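Residue numbers (our numbering), protein chains in the order written: chain Y, 20 to 344; chain P, 20 to 344. By construction, the Cβ of each residue, glycine as well, lies at the ideal position given by its N, Cα and C atoms. The structure displayed is predicted, hence computed values, not measured ones. Before any comments, here is the structure.
There are 2 protein chains.
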Amino acid sequence: MAPAHRIDCLQYAAWSPRIFEEMAAGGLHAVHATVAYHENFRETVARLEEWNRFFARNPERILRGRDAADVRRARETGRTAIFFGAQNCSPIEDDLGLVEVCRDLGLRFMQLTYNNQSPLAAGYLEERDCGVTRFGREVIAEMNRVGLVVDMSHSGERSTLEAIEISERPVAITHANPARWRETPRNKSEEVIAALAAGGGVMGFSLYPHHMKDGGACRLDDFCRMVAETVERHGAESFGIGSDLCQGHGGDVLAWMRDGRWRFGKDDSDSAEFPPQPEWFRTNADFPNLAEGLRKVGFNESETDALLGENWLRFFESSFTPRDE
Amino acid sequence: MAPAHRIDCLQYAAWSPRIFEEMAAGGLHAVHATVAYHENFRETVARLEEWNRFFARNPERILRGRDAADVRRARETGRTAIFFGAQNCSPIEDDLGLVEVCRDLGLRFMQLTYNNQSPLAAGYLEERDCGVTRFGREVIAEMNRVGLVVDMSHSGERSTLEAIEISERPVAITHANPARWRETPRNKSEEVIAALAAGGGVMGFSLYPHHMKDGGACRLDDFCRMVAETVERHGAESFGIGSDLCQGHGGDVLAWMRDGRWRFGKDDSDSAEFPPQPEWFRTNADFPNLAEGLRKVGFNESETDALLGENWLRFFESSFTPRDE
């Protein structure tokens, strides 16, 4: 029997042929790759240009992911489909018309806000969250129309609940964990997870140390028991993996994520480093460890497949098509 | 005795040599001219380029206003000093470093938001107002440092009160009226006006029909009695004129102000027109009518001078100097 589709719905690694090899070693058929944190439209296009070079130079490893069929094609040809997404609304700047343009350029996910207040909604690091704004409502409607998924991973609680309510198509939280497991405002409340699942959305469990109990010392067993408990509470169809793997990046990238251009970075900001990953998930090649861990806590084969890709694949299937097609 | 300095602290007319002549006819020594509603940095620079052509071609009528001394110079040479300001934070985009750059380019006022939520604060048309954001606090501190005035004319109530509290230098509301006179969320509550005045700020009374009792049918006498009552409540030092004169613009400009790029304009949006001005304030040449009206409701000469320019001049004096100069 052919293996199921394996999808990691959020990474921002320092992309290279070696990492594409690791994707193959880990059996990944699709990866959602971040192309913007604070990048404006033109800067996002430059990231896409870099990807075009990667596609041209690594045709035996990767291909461009535009819809669910590309995930199947990737599996059939032993490759990984790369889907683009933005962790912020910076690529559309102040321009509603750029939503469709970004979708045409291949973006399939866009967060309404990254940590801070944006013109669309509030990020989780703002002291207060007033929900989705006037512009935000226009953007959600347009994203729904063109088939660009609303991702609320870094948004505040109220903004997330409102976006789920306002959006006429299911919303994603590509990378986060339940706050009941690791209490941080970046993780999600039971109320948010329940609303997401009720609306047909999917949440990707994160393997980023700051989102996990005990950080980088988190045990695979602990992680998988959290998955089992979450599935028990909210159902098996609404979850996948969004590892948030940031492999190979240095403090300069961390400083860009944190400070963007909205504040003057500290002079020593590039002394900050990414936290070390748990030893059972350091590269894409470690993805099979998750299957093993999930089986050990009691998931059967088809449940494991659902969590490691088939749920995301079903979500891709229904989310990327423009409404009028 | 030389006439006092006359200042209109907000206009966005369809600038032309004829309008510069009307400024002279109205005895105006300074006008704060809007250079951005939704314009991003590069587009704002293009507006400044247009002004550079106006300055080069109309040296007998206008000069560039950079500080209070330029208002005096304008009066001494029978001209009008043009001070630049933005009605939105769009010129700084997502970039804190652009605050100083915009100040260097001549901007002396910047609103934190125009009607809608911005990355800095909430506009008065948002349903909810969560106040000044993380980025907003950075921007206010930087504006304070470089000598760029925080203008809260189009902001929400809570954002305005917070900006007044956070800003270490006096804040301006360049163009608005008290909401007690014409009840609209665009006008200001007594609480806002009191806080502004207590902090050393100045509010410019607006002559835009939608801000006035009875709109374009408002009588000069009514307007001046509102001024008298406001001065009685909040003191004589905290008020001036910010007429919001939008002379000569058509529906295309109105559509830009309202819709920017954040929503798709209605197909018939350019059928909207600016409301007609009251007959006693149609052009800059009508400015002397205000002096006459104020005298009629009982203001003496020096009070009238304070309201028609000297208060703004004092504000200019202390507001445009970088903190470290």
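Can you tell me whether residue i is helix, strand or coil according to DSSP?
i: D324 of chain P; result: helix
i: H48 of chain P; result: coil
i: A214 of chain Y; result: helix
i: D170 of chain Y; result: strand
i: C28 of chain Y; result: strand
i: V54 of chain Y; result: strand
i: F334 of chain Y; result: helix
i: G235 of chain Y; result: helix
i: R80 of chain P; result: coil
i: G219 of chain Y; result: coil
i: R280 of chain P; result: coil
i: L264 of chain Y; result: strand
i: R301 of chain Y; result: coil
i: G142 of chain P; result: strand
i: F39 of chain Y; result: helix
i: F242 of chain P; result: helix
i: A23 of chain Y; result: coil
i: D191 of chain P; result: Asp is not the amino acid found at residue 191 of chain P; the sequence shown has Ala there. Strand at A191 of chain P.
Taking 8 Å as the limit between beta carbons, can you name the residues of its chain near residue i, skipping five residues before and five after?
i: T203 of chain P; result: H229 and H230
i: L226 of chain Y; result: F242, I260, S262, D263, L264, Q296, P297 and F300
i: L67 of chain Y; result: V54, F103, L124 and G125
i: P36 of chain P; result: R76, N77 and R80
i: D305 of chain P; result: G45 and W299
i: G254 of chain P; result: A216
i: L115 of chain P; result: F154, E157, V158 and E161
i: R244 of chain Y; result: V316
Taking all protein chains shown into account, decide if residue i is buried (16 or more other Cβ within 10 angstroms of its Cβ) or exposed.
i: E62 of chain P; result: exposed
i: N196 of chain Y; result: buried
i: D148 of chain P; result: buried
i: R72 of chain Y; result: exposed
i: S109 of chain P; result: buried
i: G317 of chain P; result: exposed
i: S337 of chain P; result: exposed
i: E145 of chain P; result: buried
i: R252 of chain Y; result: exposed
i: E41 of chain Y; result: buried
i: N319 of chain P; result: exposed
i: E69 of chain P; result: exposed
Short of 7 Å in beta carbon distance, which residues of its chain neighbour residue i, apart from the five on each side in sequence? Order them along the chain.
i: T127 of chain P; result: According to the sequence as given, residue 127 of chain P is Arg; it is not Thr. Cβ neighbours of R127 of chain P beyond the five flanking positions: F102, F103, G104, L167, V168 and F339.
i: R347 of chain Y; result: Because chain Y is modelled from 20 through 344, residue 347 of chain Y falls outside the range shown and cannot be assessed.
i: T179 of chain Y; result: M171 and V211
i: N163 of chain Y; result: S186, E187, R188 and R342
i: T323 of chain Y; result: A310, L313 and R314
i: H268 of chain P; result: A33 and F293
i: A213 of chain P; result: H253
i: L332 of chain P; result: H24, I26, A87 and V90
Can you list, in chain order, the residues of its chain whose CB lies under 6 Å from that of residue i, leaving out five sequence neighbours each side?
i: E184 of chain P; result: none
i: F334 of chain Y; result: V221
i: G279 of chain P; result: H57
i: R17 of chain P; result: In this structure chain P extends from 20 to 344, so residue 17 of chain P is not present and cannot be described.
i: A100 of chain Y; result: A49, L82, G84, D89, V90 and A93
i: T249 of chain Y; result: P197
i: E112 of chain Y; result: N59 and F60
i: I38 of chain Y; result: A32
i: E344 of chain Y; result: none
Just reading off the beta strand (DSSP E) that residue i is part of, what are its end residues?
i: R199 of chain Y; result: Neither: R199 of chain Y is in no beta strand (DSSP E) and is coded neither H nor E.
i: A100 of chain Y; result: T99 to A105
i: R61 of chain Y; result: Counting along the chain, R61 of chain Y falls outside any beta strand (DSSP E), though it belongs to the alpha helix (DSSP H) covering F60 to R76.
i: F258 of chain P; result: F258 to I260
i: L126 of chain P; result: L126 to Q130
If you follow the alpha helix (DSSP H) that residue i is in, where does it begin and where does it stop?
i: M162 of chain Y; result: R153 to V165
i: R205 of chain Y; result: Note, R205 of chain Y: premise wrong, no alpha helix (DSSP H); not H, not E.
i: F306 of chain P; result: F306 to K315
i: T179 of chain Y; result: E176 to I185
i: C121 of chain Y; result: L117 to D123
i: V90 of chain P; result: A87 to E95
Would you please state the rounded distance, in angstroms, between the beta carbons of residue i and residue j? I believe it to be under 8 Å.
i: D118 of chain P; j: V158 of chain P; result: Here the sequence assigns Val to residue 118 of chain P, which means Asp is not the residue at that position. 6 Å between Cβ atoms; contact.
i: A16 of chain P; j: Q266 of chain P; result: Look at the range of chain P in this structure, 20 to 344, and you will see that residue 16 of chain P is not part of it.
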